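Using numbering that gives the first Met the number 0, you'd call the opening residue of the sequence shown number 0 and step up by one each time. Structure first, commentary second.
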Amino acid sequence: MGTLIMKFGGKSVGTTDALAQVVSIILNEHEHWKRLLLVVSALEGVTDALIEATHLAKLSNRRGFRRIIATQRARHLALVDQLPLNPTTRNALQADLDRLLFDMLDILQAVGENPSDELMADVTDRVTSVGERLAARIVAA
């Protein structure tokens, strides 16, 4: 057959058991389709947390947005720690997730230093997209 597009997100990628189910579905469908295209949403609650972090950055509440980012970092890295990955893959994935999170933190810090209504829509889009990018990298591993 042609191409199958599948979307996973929220609860379906939020635990190791859920990820194992996603992998099982992907492997099963891979037998029946020529190509698979996977779309991955952020883990449950991540987008809302990142929107809140953006709001706190606009208010120059550094402690608030840093706490949110630290919580999301811990959540994603804990999930990675539970995956059956070899150490090299695990370390590379953790470094990739950290890079995404620290880049986002830089954006939020810049907003906190110079809040601008003109840029907020773009900043919110950039920050919230990190949730999907984090989940996509975890699923791809």
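All residues carry an ideal CB built from backbone N, CA and C; glycine is no exception. All figures in this text were calculated on a predicted structure; none of them were measured in a lab.
- Judged by DSSP in its simplified three-state form, M119 adopts helix.
- DSSP, read as helix, strand or coil, puts L84 in coil.
- DSSP places G13 outside both helix and strand once states are collapsed to three, so it counts as coil.
- In this structure, K33 and T53 do not form a Cβ contact; the two beta carbons are roughly 40 Å apart against a cut-off of 8 Å.
- Note on I137: 16 or more other CB atoms within 10 angstroms of its CB, so buried under the neighbour-count rule.
- Residue state for M5 is assigned as strand, using DSSP reduced to three classes.
- Under DSSP, R125 takes part in no beta bridge, so it has no partner.
- The stretch 11-55 is shown to contain whole beta strand (DSSP E) runs of 3 or more residues at 34-42, in chain order.
- Judged by DSSP in its simplified three-state form, N90 adopts helix.
- When C-beta atoms of the stretch 94-108 are compared with those of the stretch 4-12, fewer than three pairs fall below 8 Å, so the two segments do not count as touching.
- A residue is called buried when at least 16 other Cβ atoms come within 10 angstroms of its Cβ; L18 meets this threshold and is buried.
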